[in-house]
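Chemist:
Residue numbers (our numbering): 150 to 484.
#1: Only counting runs of 4 or more residues, tell me where the alpha helix (DSSP H) segments fall wholly within the segment 157-191, in order along the chain.
#2: By the 10 Å Cβ neighbour count, where 16 or more other Cβ atoms means buried, how is residue 153 classified, buried or exposed?
#3: Beta-carbon within less than 7 Å of residue 381's beta-carbon, same chain only, minus the 5 sequence neighbours each way: which residues are those?
#4: Nearest-angstrom Cα distance between residue 483 and residue 265?
#5: Nearest-angstrom Cα distance between residue 274 and residue 329?
#6: Do residue 457 and residue 404 have their beta-carbon atoms positioned less than 8 Å apart in this structure?
#7: Could you have a look at residue 195 and say whether DSSP puts it in helix, strand or coil?
#8: Taking the C-alpha atoms as reference points, what is the distance between residue 220 and residue 331?
#9: What first and last residue would you give for the beta strand (DSSP E) that runs through residue 444?
#10: Per DSSP, which one or two residues make a beta bridge with residue 392?
#11: Using a threshold of 8 Å, state whether the C-beta atoms of residue 471 and residue 243 are closer than that.
#12: Can you look up residue 310 in the DSSP assignment and give me helix, strand or coil?
#13: By Cβ distance below 7 Å, which residues in the same chain neighbour residue 193 in space, the five residues on each side in sequence not counted?
#14: Just checking: is the beta-carbon of residue 221 within a distance shorter than 8 Å of some beta-carbon in chain C?
#15: Closest to residue 430 by C-alpha separation, out of 309, 314, 408 and 450, would be which residue?
#16: Can residue 162 and residue 197 be called in contact, C-beta distance under 8 Å?
#17: Which one of 179, 269, 289 and 270 has the shortest CA to CA distance from residue 409?
#18: How about residue 342 and residue 391: are their beta carbons less than 8 Å apart?
#19: Mark residue 347 as exposed unless 16 or more other C-beta atoms lie within 10 angstroms of its C-beta, in which case mark it buried.
#20: Looking at the strands, I want to know which residues DSSP matches up with residue 383.
#21: By DSSP's criteria, residue 466 is part of a beta bridge. Which residues make up the other side?
#22: Classify residue 354 as helix, strand or coil using the three-state DSSP reduction.
#23: Going by Cα to Cα distance, which pick from 172, 397 and 374 is closest to residue 261?
#24: What residues are listed by DSSP as bridge partners for residue 321?
Written out as structure tokens, the structure reads:
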């Protein structure tokens with residue numbers, strides 16, 4: 150890779166994350182020479198706007214990856230497993246958003262951007278799950294202030310985390326209920342509108358879902374704390390866009406709230422909300438490029454615990470923007 154304009158492919162360009170990724174490439178004036186938009190056979194033939202032009206989406210199956218230097222994979226794990234090896238063999242740098250690629254380096258520029266200098270070229274990078282990105286952005290600036298013993302997370306995940314079909318399902322269920330029509334769940338196994346589902350995906354023998362295990366694994370890697378004890382419960386909430394997190398960090402020593410607030414205030418990628426106020430997905434996070442942090446406080450009668458509330462746009466900040474920022478960091482390093 151060089152600092153000149155790059156030929157780039159986006160796999161999964163018609164999905165919610167893929168479309169956002171293409172939009173952000175244009176917004177940040179990423180050095181694109183030719184942009185190739187790729188998707189499955191079902192989505193091929195449609196068009197996506199980029200730099201004032203309609204670009205036709207082509208089938209990934211027949212694409213020659215020697216035409217590009219950088220590939221974003223914003224599709225399913227199965228697609229990444231099928232085509233990322235072909236892109237790597239063609240000499241492409243790969244930034245994958247599915248979490249499916251073994252050996253890829255999980256990168257969140259605000260948290261572990263220094264790792265970019267360790268990567269072999271062409272690089273193989275994972276842009277972590279939106280939850281891991283949000284938590285890493287918020288916890289990374291606090292590592293020097295806390296002797297972290299344990300992190301407990303309740304992750305309230307928007308339906309867009311599961312793609313366009315899940316968004317349509319919430320909209321359909323909501324309309325049916327508001328019009329007093331009988332509800333038949335389709336995408337989800339039960340009613341999600343006006344409800345909470347305390348399990349996202351199928352649990353394994355220990356009762357944990359793949360979403361929860363991925364979040365734990367990636368957060369440990371990004372924070373470079375491989376033995377960190379992390380407890381996660383992912384909850385499907387009836388929100389279209391914007392993930393939120395209730396976080397409790399147990400420290401081995403007393404937590405200095407003034408120092409914590411100062412670190413959060415100074416950190417890149419964070420918007421710290423004033424005491425007494427709190428951020429929400431709607432009205433604050435959706436459409437924004439930061440992680441909002443509020444309700445910074447000790448545990449009840451426990452000054453060794455730090456409690457936080459986080460919210461962020463899962464599609465934009467948690468997925469698409471993080472992937473683009475990783476690519477920008479790589480280009481800067483190669484300059």
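Beta carbons are placed, not taken as given, at the ideal position from N, Cα and C, and that holds for glycine.
Modeler: Put simply:
#1: 165-176
#2: exposed
#3: 302, 304, 361, 364 and 365
#4: 10 Å
#5: 47 Å
#6: no
#7: coil
#8: 44 Å
#9: 440-448
#10: 461
#11: no
#12: helix
#13: 206, 207 and 208
#14: The chain inventory of the structure shown lacks chain C, comprising one protein chain alone.
#15: 309
#16: yes
#17: 289
#18: no
#19: exposed
#20: 304
#21: Answer is none; residue 466 lacks a bridge partner.
#22: coil
#23: 374
#24: In DSSP, residue 321 forms no bridge with anything.
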